[in-house]
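Asks: Here it is, the structure, as structure tokens.
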Amino acid sequence: MKEYLLLLRGGKPMASKTEAENKAEMLAWGAYMGKLGQNSLFVGGQPLASGGKSVSADSVSNEAVTSAKEGIVGGYLIIKAESLDAATELAKECPHVANEGNVEVREIAPMPAM
3 MKEYLLLLRG GKPMASKTEA ENKAEMLAWG AYMGKLGQNS LFVGGQPLAS GGKSVSADSV
63 SNEAVTSAKE GIVGGYLIIK AESLDAATEL AKECPHVANE GNVEVREIAP MPAM
């Protein structure tokens with residue numbers, strides 16, 4: 003199996019939803035993560051704190067990407083799957099999609115020998 007990075011972009015903030023909506027989302031996340039864990043497909047991942055810095059060749063910005071156009075990343079998962087298509091199918095089930103977000107699926111390439 004290969005490893006894939008799921009970048010969780012966008013989505014409705016918790017503060018903009020009702021308590022019932024947030025509770026339902028957390029239950030959906032529990033079921034999703036349980037399925038990944040039960041099938042030994044979960045490698046790691048975390049939500050990301052707001053803020054941060056952006057580094058480029060020319061500058062350092064005192065904030066992380068905050069524009070929806072640039073694609074705000076709110077968290078990530080690393081999963082195992084047989085193929086990009088299989089990883090994509092798992093991403094389609096991610097509760098972040100139902101939360102008006104999107105999930106970018108990328109294969110993690112092995113580090114080349116130095």
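When we follow the working numbering, the leftmost residue of the sequence shown carries the number 3, and every step to the right adds one.
Here a beta-carbon is modelled for each residue, glycine too, at the ideal position from N, C-alpha and C.
All of these numbers come straight from a predicted model, not from anything done at the bench.
Are Gly47 and Ala66 touching if we call contact CB-CB under 8 Å?
Replies: For this step, residue 47 is matched to residue 45 along the sequence shown. For this step, residue 66 is matched to residue 64 along the sequence shown. No, the Cβ-Cβ distance between Gly47 and Ala66 is not below 8 Å.
Asks: On the DSSP letters alone, give me the boundaries of the alpha helix (DSSP H) that Glu27 sits inside.
Replies: Residue 27 sits at position 25 when you count from the first residue of the sequence shown. That run of the alpha helix (DSSP H) goes 21-40.
Asks: Among all the DSSP beta bridges, which residues are the ones paired with Ile80?
Replies: Your numbering for residue 80 matches position 78 in the sequence shown. According to DSSP, Ile80 bridges with Leu7, Gly46.
Asks: What residue range does the alpha helix (DSSP H) around Glu102 cover?
Replies: The count along the sequence shown starts at 1 and reaches residue 102 at position 100. Note, Glu102: premise wrong, no alpha helix (DSSP H); not H, not E.
Asks: Under a three-way DSSP split, which group does Ser18 fall into?
Replies: Counted from its first residue, the sequence shown places residue 18 at position 16. It is helical.
Asks: Going by the beta-carbon positions, is the gap between Tyr6 and Arg108 smaller than 8 Å?
Replies: The sequence position of residue 6 within the sequence shown is 4, counting from 1. The sequence position of residue 108 within the sequence shown is 106, counting from 1. The answer is yes: Cβ separation under 8 Å.
Asks: Give the DSSP bridge partners of Ser61, in chain order.
Replies: Position 59 of the sequence shown, counted from the start, is the residue given in the question as residue 61. DSSP, once it has assigned bridges, lists no residue as partnering Ser61.
Asks: Should Leu43 and Gly77 be called a contact, given that it needs their Cβ atoms to be closer than 8 Å?
Replies: On the sequence shown, residue 43 is found 41 positions in, with the first residue counted as 1. On the sequence shown, residue 77 is found 75 positions in, with the first residue counted as 1. Contact: no.
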